[in-house]
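Structure first, commentary second.
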Amino acid sequence: MSEKNPIRIFVTHAFQEHEEYSRVFEYLESRDNFYYVNYSDPDGKPEHGGQEGIQEAIRNQIRLVEAVLFPVGIYAQDPWLIEFELKVAQAFKKPVIAIQAFGGTQTLPKEAMAAAVETIEWNDRLMTDALRRFGRGEEIAKWDVIEFDPDLD
Numbered sequence: 077m078s079e080k081n082p083i084r085i086f087v088t089h090a091f092q093e094h095e096e097y098s099r100v101f102e103y104l105e106s107r108d109n110f111y112y113v114n115y116s117d118p119d120g121k122p123e124h125g126g127q128e129g130i131q132e133a134i135r136n137q138i139r140l141v142e143a144v145l146f147p148v149g150i151y152a153q154d155p156w157l158i159e160f161e162l163k164v165a166q167a168f169k170k171p172v173i174a175i176q177a178f179g180g181t182q183t184l185p186k187e188a189m190a191a192a193v194e195t196i197e198w199n200d201r202l203m204t205d206a207l208r209r210f211g212r213g214e215e216i217a218k219w220d221v222i223e224f225d226p227d228l229d
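The sequence shown begins at 77 in our numbering and counts up by one.
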């Protein structure tokens, strides 16, 4: 992934600002050489068209992405709309990566969690690795730590 070929992402938002939505971008920005384009627009709630207008706006935001990030803490803001975002992602065959609620205190309905291909903790490397694996199909090198006793002869 390069500046010329950034990964395209959508972060669930229910057309409302939320600290976990903002935190996703803080984590992504902290990673060197990780480039992305954010297709989510929490401020872009249509003023006209009612529920169908809102649904179409969500479809348009998700249609061209490679992966969807789902910060679980956002779910309580508008469960119906978050579930709709997850269903749209599934309909477009976009992988959904769930991020546990910050502090790990929130539980979700099984249907919402079943939409996720993986659930990760709040960690910048886990987040970018999951986006590369599921959004781009890239192999991610993981290192195993082997403990040894240097005093053994």
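C-beta atoms are modelled at their ideal positions from N, C-alpha and C, and glycine is treated no differently.
When you compare only the Cα positions, how much space is there between residue i and residue j?
i	j	result
residue 168	residue 107	28 Å
residue 186	residue 226	48 Å
residue 174	residue 109	23 Å
residue 147	residue 188	11 Å
residue 201	residue 215	14 Å
residue 193	residue 123	33 Å
residue 183	residue 129	30 Å
residue 223	residue 210	31 Å
residue 151	residue 94	10 Å
residue 206	residue 121	28 Å
residue 159	residue 177	16 Å
Find the nearest neighbour of residue i within the set the options, judged by alpha-carbon distance.
i	options	result
residue 118	102, 109, 95 and 90	90
residue 179	149, 207, 83 and 161	149
residue 99	198, 209, 208 and 134	198
residue 43	210, 164, 115 and 132	Absent from the structure is residue 43, since the part of the chain shown begins at 77 and ends at 229.
residue 154	224, 121, 92 and 105	92
residue 132	113, 152, 157 and 151	157
Using 10 angstroms around the beta-carbon of residue i, count the other beta-carbons present and answer buried if the total reaches 16, otherwise exposed.
i	result
residue 79	exposed
residue 125	exposed
residue 140	exposed
residue 137	buried
residue 217	exposed
residue 165	buried
residue 96	buried
residue 87	buried
Would you check if the distance between the CB atom of residue i and the CB atom of residue j is smaller than 7 Å?
i	j	result
residue 171	residue 191	no
residue 196	residue 161	no
residue 82	residue 103	no
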